[in-house]
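Sequential numbering from 0 applies to the sequence shown in numbering that gives the first Met the number 0.
Each residue gets a CB set at the ideal place from its N, CA and C atoms; glycine is no exception.
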Amino acid sequence: MLIVRRYWIACLVICLVTLHAVIIGYVRSEAARIKIAASNEIPIGVYYVQSGDKNWVSQLRIHLLVQPERRIASKAIIERHRWLIHEVVEERLRQIDPSLLQDVVLLEIKEQIKNAVEDALQEQVIDRVLVNDRVEIPIQRFQMPPAYELTAPEAIFTSTQAATDDKAESEVAP
Numbered sequence: 000m001l002i003v004r005r006y007w008i009a010c011l012v013i014c015l016v017t018l019h020a021v022i023i024g025y026v027r028s029e030a031a032r033i034k035i036a037a038s039n040e041i042p043i044g045v046y047y048v049q050s051g052d053k054n055w056v057s058q059l060r061i062h063l064l065v066q067p068e069r070r071i072a073s074k075a076i077i078e079r080h081r082w083l084i085h086e087v088v089e090e091r092l093r094q095i096d097p098s099l100l101q102d103v104v105l106l107e108i109k110e111q112i113k114n115a116v117e118d119a120l121q122e123q124v125i126d127r128v129l130v131n132d133r134v135e136i137p138i139q140r141f142q143m144p145p146a147y148e149l150t151a152p153e154a155i156f157t158s159t160q161a162a163t164d165d166k167a168e169s170e171v172a173p
């Protein structure tokens, strides 16, 4: 009984330290299991390609798939040269044969875009080009989106939403 009275606080501290170590170990093991991998797909924009007979327009949303281990560096390179990439992709899409749009997988178009971007960047950062949201719009129903502020960064290239509300700005200005 004398031992219990003398060392009860030390036993309590040891029990609390052990419980704390078990909880920390469990949380760390769960965190390691849940580790969320960031996407290595970088969107570069929406592009329109007119058909050979000029009766319809194809909308293509294009993404670049980069190496996962070089994701941050590749994204920085692509953001730094976003307008150059935009121009190169537009030029290449204007130069393609409209019959290539009939290919369901768009293999030739993807390869041409990849080569054009890598030639412009002079670096091998792209693993693959992804094209999704492919929509064919009749020219009578096609409406261009309104022009946007050229000096504002696009939301797809920044980590925060950079869109501004023109109405709010016009109400503030006298």
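Contact annotation: Leu-59 and Ile-77 have beta-carbon atoms that are not nearer than 8 Å.
Glu-135 and Ser-57 do touch by the CB rule: their CB atoms are close to 5 Å apart, below 8 Å.
Under the three-state reduction of DSSP, Ser-98 is assigned to helix. Taking the C-beta atoms as reference points, Ile-108 is found no nearer than 8 Å to Val-65. Under the 8 Å Cβ criterion, the stretch 36-44 counts as touching the stretch 81-94, having at least three qualifying pairs. For Val-21, the enclosing alpha helix (DSSP H) has its first and last residue at 1-33.
For the pair Arg-70 and Ala-37, the CB atoms are nearer than the 8 Å cut-off.
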